[in-house]
Amino acid sequence: MMKTIEFFDKVEPGKSGGKGKNLIELVKAFFPVPAGFIVTVDAYSQYKEKNKIPKEVEEKIVKCYNNLAKNIGNDRVAVRSSASAEDIDTASFAGQYDSYLYVKGEDQIIRKIVDCWNSLFTERAMVYRKRMNIPEDNLKMAVIVQTMIEPKSAGVLFTANPFSGNKDVMIVESNWGCGETVVSGRVTPDHFEISKKPYQVITKNLGKKNILILGSESGALEESTSEEQRKSYSLTDEKLTELCEIGTKIESHYGRPQDIEWALAKDDKIFILQSRAITKYV
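Residues in the sequence shown are numbered from 2 upward in steps of one, following the working numbering.
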C-alpha cells in the first residue's frame with residue numbers, strides 16, 4: 002500500500018529516506034526533535050511518473066502543513082531533502098541535496114518540496130554519487146517538513162573527534178542564528194573541544210562569525226553579525242554541557258559516534274535536527 006504523507010511516528014521503514022529514517026528513530030527514542038511529517042518516497046515516485054504532484058498528494062501535504070501549523074502555533078517550516086541513499090554508512094551526503102528554511106504558505110511548501118525532489122539530479126549530486134560509487138538506479142527522495150525553530154544559536158556536534166579519531170573528546174562548532182552557516186562552512190564558527198564524563202572544556206576558540214541567518218517575512222535572511230556577537234561565544238558552558246549530555250545519549254542509542262546538527266531555541270531549549278554516523282575521520 003502506497004502511503005504518500007505520514008507524521009514521524011507513523012512512517013513505515015524504507016519510506017522516509019536516510020535523514021528521515023534517523024529523525025524518526027530519534028523521535029521514537031524521545032529525543033527533542035521538532036515536530037513534522039514526511040512526504041514519502043511513494044509521493045516522489047508518483048511525481049516522477051506523472052511529472053507533477055497528483056492532486057490528492059498535494060491536498061494531503063497542505064492538510065498536514067495546516068494541521069502542524071495549528072497544533073504548534075508556528076506556520077514557518079523547514080523543508081529538507083531525505084534521499085534513499087543517505088543511509089549508506091560510507092557516505093554522509095552532507096550538503097549534496099537542497100533544503101529550505103523559514104518556508105511559509107501552502108504554495109511555497111509545494112514549490113520547495115518539488116525543488117527538493119529535483120535536487121536529486123543536480124550536477125553536484127550526480128558527481129558526488131559517482132565519486133562514492135553509488136548506483137543511479139532506483140534512487141528516490143523523501144522530503145521532511147518540520148516546524149521551524151527560531152534559533153538563538155545552532156551548529157554541529159561530533160561525539161568523537163573527527164580530526165584525531167579520539168572517541169573520548171567531543172567537538173562542538175556553533176554560530177548565532179541558524180546552523181546552515183556552520184554546516185556549509187560559510188563562517189569560522191566558535192570551536193569547542195570537550196572531554197566526555199566529566200564534561201570539561203579542553204579547548205575554546207572564538208570564531209569570527211561574520212554572518213548569521215535569521216527568519217524574516219520573506220524567508221531566510223542573511224545578515225552581518227553585530228560586534229557584540231562576534232566578540233561573544235554563541236554557546237554558554239552550561240548549554241555546552243547539556244548539549245554534550247544529549248549527544249552522549251544519542252551515541253549510546255546508535256552504538257557508534259555521531260555527527261549531530263542541533264539548534265538552541267530562544268527559550269533555551271535544545272533541539273536535535275539531524276544525527277548520522279561519522280562516516281570518516283579527517
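All residues carry an ideal CB built from backbone N, CA and C; glycine is no exception.
{"query": "Touching by the beta-carbon criterion (3+ pairs, under 8 angstroms), the stretch 120–132 and the stretch 29–38", "result": "no"}
{"query": "Close beta carbons around Val45, own chain, < 6 angstroms, minus the five adjacent residues each side", "result": "As written in the sequence, residue 45 is Tyr, which differs from the Val given in the question. Excluding residues within five positions, the ones whose Cβ falls inside 6 angstroms are Trp118, Lys141 and Met142."}
{"query": "Beta strand (DSSP E) runs contained entirely in the stretch 157–222, provided each spans 3 or more residues", "result": "170–177, 191–196, 201–206 and 212–217"}
{"query": "DSSP bridge partner residues for Lys100 (one or two, in chain order)", "result": "A small fix is needed here, since residue 100 is Ser in this sequence, not Lys. Partner(s): Arg81."}
{"query": "For Glu243 and Ile271, believed in contact at Cβ under 8 angstroms, the rounded distance", "result": "6 angstroms"}
{"query": "CB of Lys61 within 7 angstroms of CB of Thr41, strictly", "result": "no"}
{"query": "Inter-residue CB distance, Lys20 and Gln275 (contact presumed, cutoff 8 angstroms)", "result": "6 angstroms"}
{"query": "Helix, strand or coil at Glu13 [DSSP, three-state]", "result": "coil"}
{"query": "Option nearest Ser120 by Cα separation, candidates Thr148, Arg81 and Ala155", "result": "Arg81"}
{"query": "Cβ-based neighbour list, Ile54, same chain, cut-off 6 angstroms, excluding 5 preceding and 5 following", "result": "Tyr48"}
{"query": "With 16 other Cβ atoms within 10 Å as the buried cut-off, status of Asn72", "result": "exposed"}
{"query": "Cβ-based burial, Gly178 [other Cβ within 10 Å; buried from 16]", "result": "buried"}
{"query": "Sub-7 angstroms separation of Thr148 and Glu252 beta-carbons", "result": "no"}
{"query": "Buried versus exposed call for Arg257 [16 or more other C-beta atoms within 10 Å across all chains shown]", "result": "exposed"}
{"query": "Bridge-paired residues (DSSP) for Ser276", "result": "Ile261"}
{"query": "Neighbour-count burial assignment, Thr204, 16 or more Cβ in a 10 Å radius", "result": "exposed"}
{"query": "Environment of Phe193 [buried if 16+ CB atoms lie within 10 Å]", "result": "buried"}
{"query": "DSSP three-state assignment for Ile135, whether helix, strand or coil", "result": "coil"}
{"query": "Classification of Glu181 by the beta-carbon crowding that lies within 10 angstroms, buried from 16 upward", "result": "buried"}
{"query": "Beta-carbon contacts of Asp10 that lie in its chain and below 8 angstroms, excluding the five residues immediately before and after", "result": "Ile25, Val28 and Lys29"}
{"query": "Rounded straight-line distance, which links the Cα of Ile150 to that of Asp268", "result": "10 angstroms"}
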